[in-house]
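S.K.:
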């Protein structure tokens, strides 16, 4: 995993992360929980972990019904975004999410980290059976895992560590 800040030094901006694997994701979440962080967007670490976990679980258990326009948007989204995600490119910060995948309020960030650990264990299981994506349609298991890794990276980029983690 690598880290560097984007933008001016006098103002917090989204940072850039590059996760190689899911251990990088968990290491980053635990580190942010230990040292604290500054938010660049509206969600806390707990909310991000909750959202990521819900999305991972839904990719195995099934998503809520997609909006009526999903069938129209799917081929366009697949063409415009899927290859960029699979190549680990950055996308705009604001992308809509299904209401059922929107996180609840978390008082304590550490409550959500075990939830994320469990979801990662499920999607990395060699016998995992994924369902079609509401946005991209059918994906291979490898593509799903890359989408999830990119998704983790995307959201955690909006939390800036408050201090350097000496244990990382």
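Numbering (this note's numbering), first residue to last: 620 to 787. Built from N, CA and C at the ideal position, the CB exists for glycine as well. None of the values given here were measured: they were computed from a predicted structure.
(1) Just to confirm my understanding: we take residue 681, look at its own chain, exclude 5 residues before and 5 after, and list those with CB closer than 8 Å. What are they?
(2) I need the DSSP call for residue 688, collapsed to helix, strand or coil.
(3) Assuming residue 668 and residue 732 make a contact with CB atoms under 8 Å, what is their CB distance in whole Å?
(4) In the structure shown, what three-state DSSP assignment does residue 756 receive?
(5) Smallest Cα separation from residue 718: which of 686, 706, 736?
(6) Can you list, in chain order, the residues of its chain with a C-beta nearer than 7 Å to that of residue 776? Leave out the 5 residues immediately preceding and following it.
(7) What residues are listed by DSSP as bridge partners for residue 657?
(8) How many Å lie between residue 657 and residue 703 at the Cα?
(9) With burial defined as no fewer than 16 other Cβ atoms inside 10 Å of the residue's Cβ, what is the status of residue 744: buried or exposed?
(10) May I ask you to list the residues that DSSP assigns as paired with residue 639?
(11) Report all residues from its chain with a CB closer than 6 Å to the CB of residue 768; omit the five preceding and five following residues, and keep chain order.
(12) Mind checking if residue 731 is an interface residue toward chain D, Cβ cutoff 9 Å exclusive?
(13) Quick check: what's the CA-CA separation for residue 671 versus residue 652?
(14) What is the DSSP secondary structure of residue 693, counted as helix, strand or coil?
(15) Name, in chain order, the residues that DSSP records as bridge partners for residue 706.
(16) Within the same chain, show all residues whose beta-carbon is closer than 6 Å to that of residue 765, passing over the 5 residues directly before and after it, in chain order.
(17) Count the other CB atoms, across all protein chains shown, that sit within 10 Å of the CB of residue 641; report buried if there are 16 or more and exposed otherwise.
M.R.: Looking at the coordinates:
(1) Around residue 681: 750.
(2) Here residue 688 sits in coil by DSSP.
(3) Right, their Cβ atoms sit about 6 Å apart.
(4) DSSP places residue 756 in strand when its eight states are reduced to three.
(5) Selection 686, 706, 736 evaluated against residue 718 yields 686 as nearest (Cα-Cα).
(6) Excluding sequence neighbours, residue 776 sits near 633, 634, 635, 636.
(7) For residue 657, which the question treats as bridged, DSSP gives the partners 779.
(8) Answer to the nearest angstrom: the Cα atoms are 27 Å apart.
(9) Here residue 744 is exposed. Its C-beta has fewer than 16 other C-beta atoms within 10 Å.
(10) Beta-bridge annotation (DSSP): residue 639 is not paired with any residue.
(11) The answer, listed in chain order, is 638.
(12) In summary, chain D is missing from the structure at hand, where a single protein chain is found.
(13) Cα-Cα distance, rounded: 16 Å.
(14) Residue 693: helix per DSSP, three-state reduction.
(15) Note: residue 706 sits in no beta bridge, so no partner.
(16) Cβ-Cβ distances below 6 Å link residue 765 to 705 in the same chain, with the five nearest sequence neighbours on each side left out; the list follows chain order.
(17) Buried, by the Cβ-count rule.
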